[in-house]
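Colleague: My structure is below; once you've seen it, I'll send some questions.
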Amino acid sequence: MDQVQAFMRHHRQDAFLHDMIPVDGARRSDAIAIARVICILGVVYVHAWTGLNGEALAQLRGSGQDNLRWALMEIFGRSAVPLLGLISGWLVAGSGRARDWRSHVARKARTIALPMILWNGLAILFVSGAASTFGLSAPTPQSAEWVAQELFILTRNPDINVQMPFLRDLFLCMVAAPLLVRLPGWALMLIALAAAAAHVAGLGPPLLMRTSILFFFVAGILTRRGAGEEKVAMLPLPLAILPFALLMAAQLYRTIALGDGEWPLVQRSLDLAVRIAAAVAFWRIAWALAGTGARGLLLRIEPYAFFLFCAHLILIWLGGPVLGALFGPMGSPLYPVYLILQPLIVLAAVIPIGGALQ
591 MDQVQAFMRH HRQDAFLHDM IPVDGARRSD AIAIARVICI LGVVYVHAWT
641 GLNGEALAQL RGSGQDNLRW ALMEIFGRSA VPLLGLISGW LVAGSGRARD
691 WRSHVARKAR TIALPMILWN GLAILFVSGA ASTFGLSAPT PQSAEWVAQE
741 LFILTRNPDI NVQMPFLRDL FLCMVAAPLL VRLPGWALML IALAAAAAHV
791 AGLGPPLLMR TSILFFFVAG ILTRRGAGEE KVAMLPLPLA ILPFALLMAA
841 QLYRTIALGD GEWPLVQRSL DLAVRIAAAV AFWRIAWALA GTGARGLLLR
891 IEPYAFFLFC AHLILIWLGG PVLGALFGPM GSPLYPVYLI LQPLIVLAAV
941 IPIGGALQ
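Under the numbering used here, the first residue of the sequence shown is numbered 591, with each subsequent residue one higher.
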């Protein structure tokens, strides 16, 4: 318990770096916290419970519920991760502690890598345990190699905690951060372009599961140097959202109407463009929310955001079928209500658990 409490306190302190934010510090700090909340809540949609296997999902392709699911995943889920990576790079660029490689990596191992491994272990314990004991349809250990891959994400994405490659790749970015923050802008631009090219080419594993995370991490460092966050905050809200809306319309048309076609380079290029526009739009939305009455509620949720990110797959694996018995699987009349509410349902479970641990 003491370790959990210390981790949660340290993570909040490490994430905000209040003393490193000189101008409009309060609102910018609030916007960072709010961005983390809305982004992590959005990630839940990517992993939302459907009650169906891949074959059954394919049979519902093009249905209204399938289209709703894809829209929620693309708009609020996959588009949220870029801003999380960008914020991480922005924060590390302003931290003097990041220049001391040994202490910096030790701190990030404690706040990123260790929680990833512990939560992956809990996922095996609870989810695979429920599969073996109660017949839950979930992965179970097949070999020592499978367990190692699930725990450490060595060369492939895990089968249970599928959100954790973000923490894996973020930790590797943090390992390189003491070098990255010392590089001139032109060198960072070359690294960002290389990461973008790797994303478009479909390269990355086993070094990085998603090279786009490196792209946005480096973009965050460059953003801090150029005060890009302030420039985006000054944009009119509709103007900041418009590119994202237009590109997302194209992305949804490709995903829903066309599917994965014969032009993977074009698809990945569009995907990266959507992610860039999403980072701009969600930051501007977070900045706007920091000046509204919703600020207080969102800031009260923020201390549970990292906990929610780590725990939500376990809760969905275990709790999804329970509530699914009430709402029905995808295709049932009440499923759209269940789908839309899943981030809030997970949040409602996380807050009392997190409160008890604190």
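We put the beta carbon where it would ideally sit given N, CA and C, even for glycine.
As the structure is a computational prediction, the values presented were derived from the model and not from experiment.
In angstroms, rounded to a whole number, what distance separates the CA positions of L829 and G725?
Modeller: The alpha-carbon atoms of L829 and G725 are separated by roughly 51 Å.
Colleague: Residue range of the alpha helix (DSSP H) that I702 falls in?
Modeller: Note, I702: premise wrong, no alpha helix (DSSP H); not H, not E.
Colleague: Measure how close the beta-carbons of G675 and L760 come, nearest whole angstrom, since I'm counting them as under 8 Å.
Modeller: Sure, about 7 Å apart at Cβ, within 8 Å.
Colleague: Report yes if the CB atom of P774 is closer than 8 Å to the CB atom of C900, and no otherwise.
Modeller: Cβ distance not < 8 Å, so P774 and C900 don't count as in contact.
Colleague: Is it true that the CB of E664 sits closer than 8 Å to the CB of Q841?
Modeller: Result yes, Cβ atoms of Q841 and E664 sit closer than 8 Å.
Colleague: Once the 5 residues before and after L741 are set aside, which same chain residues still bring their CB inside 8 Å of it?
Modeller: Taken in chain order, the residues that qualify are I707, N710, G711, I714.
Colleague: May I have the straight-line CA-CA distance separating W907 from T640, to the nearest angstrom?
Modeller: The straight-line gap from Cα to Cα measures roughly 10 Å.
Colleague: Looking at V864: is its Cβ nearer than 8 Å to the Cβ of V765?
Modeller: Contact flag unset, no.
Colleague: Candidates I781, R746, R815: which alpha carbon is nearest C763's?
Modeller: The residue with the shortest Cα to Cα distance from C763 is I781.
Colleague: I'd like the span of the alpha helix (DSSP H) that includes M754, first residue to last.
Modeller: Neither: M754 is in no alpha helix (DSSP H) and is coded neither H nor E.
Colleague: Taking buried to mean at least 16 other C-beta atoms within 10 Å of its own C-beta, is I930 buried or exposed?
Modeller: So I930 counts as exposed.
Colleague: Can you give the Cα-Cα distance for R858 and I875, rounded to whole angstroms?
Modeller: Looking at the two C-alpha atoms, the distance is approximately 25 Å.
Colleague: For Q649, which residues in the same chain have their Cβ closer than 8 Å to its Cβ, ignoring the five residues on either side in sequence?
Modeller: Closer than 8 Å at the Cβ level, and outside the excluded window around Q649, lies no residue.
Colleague: Could you name each continuous alpha helix (DSSP H) segment of 4 residues or more that falls completely within the segment 731 to 785, going from the start of the chain to the end?
Modeller: Whole alpha helix (DSSP H) segments, 4+ residues: 734 to 742, 755 to 770.
Colleague: Could you please give the first and the last residue of the uninterrupted alpha helix (DSSP H) stretch that includes L804?
Modeller: That run of the alpha helix (DSSP H) goes 801 to 815.
Colleague: Our contact map puts S569 next to A728 with C-beta atoms below 8 Å; I'd like the distance itself, whole angstroms only.
Modeller: The first residue shown for the chain is 591 and the last is 948, placing residue 569 beyond what the model contains.
Colleague: Could you tell me which residues DSSP pairs with P796 in its beta bridges?
Modeller: Beta-bridge pairing links P796 to G794.
Colleague: Quick one: Cα of A786 to Cα of F805, how far?
Modeller: Distance between the alpha carbons of A786 and F805 is about 6 Å.
Colleague: Does G667 pass the burial test, meaning 16 or more other C-beta atoms within 10 Å, or should it be called exposed?
Modeller: Buried, since its Cβ has 16 or more Cβ neighbours within 10 Å.
Colleague: Give a yes or no on whether the C-beta atoms belonging to V633 and V671 are separated by under 8 Å.
Modeller: Yes, the Cβ-Cβ distance between V633 and V671 is below 8 Å.
Colleague: What whole-angstrom Cβ distance do V862 and H789 have, given they're in contact under 8 Å?
Modeller: It is Leu, not Val, that sits at residue 862 in the sequence shown. 6 Å between Cβ atoms; contact.
Colleague: I need the straight-line Cα distance from I941 to I891, nearest angstrom please.
Modeller: Their Cα atoms are separated by approximately 8 Å.
Colleague: Taking buried to mean at least 16 other C-beta atoms within 10 Å of its own C-beta, is D690 buried or exposed?
Modeller: D690 comes out exposed.
Colleague: Report the rounded CA-to-CA distance for I935 versus R617, giving the unit in angstroms.
Modeller: One C-alpha to the other measures close to 28 Å.
Colleague: Leaving out five residues before and five after P756 in sequence, what residues of the same chain have Cβ atoms less than 7 Å from its Cβ?
Modeller: The displayed chain sequence assigns Phe, not Pro, to residue 756. The residues are V671, I803.
Colleague: Do the CB positions of A939 and G909 come within less than 8 Å of each other?
Modeller: It is a contact, given that the beta carbons lie within the stated cut-off.
Colleague: Per DSSP, what kind of secondary structure is W853 in: helix, strand or coil?
Modeller: It is coil, neither helix nor strand.
Colleague: Can you look up G945 in the DSSP assignment and give me helix, strand or coil?
Modeller: The answer is helix: DSSP assigns G945 an H, G or I state.
Colleague: Flag this pair as yes or no: are the beta carbons of A623 and L793 separated by less than 8 Å?
Modeller: Contact: no.
Colleague: Going by beta carbon distance, what residues of the same chain come within less than 7 Å of Y843, once the five residues before and after it are set aside?
Modeller: Closer than 7 Å at Cβ, skipping near neighbours: no residue.
Colleague: Would you report the Cα separation of L769 and I904, rounded to the nearest angstrom?
Modeller: Using only the alpha carbons, I get a separation of about 35 Å.
Colleague: Could you please give the first and the last residue of the uninterrupted alpha helix (DSSP H) stretch that includes P833?
Modeller: Note, P833: alpha helix (DSSP H), 827 to 842.
Colleague: What are the boundary residues of the alpha helix (DSSP H) that D656 is part of?
Modeller: Per DSSP, D656 belongs to the alpha helix (DSSP H) from 654 to 662.
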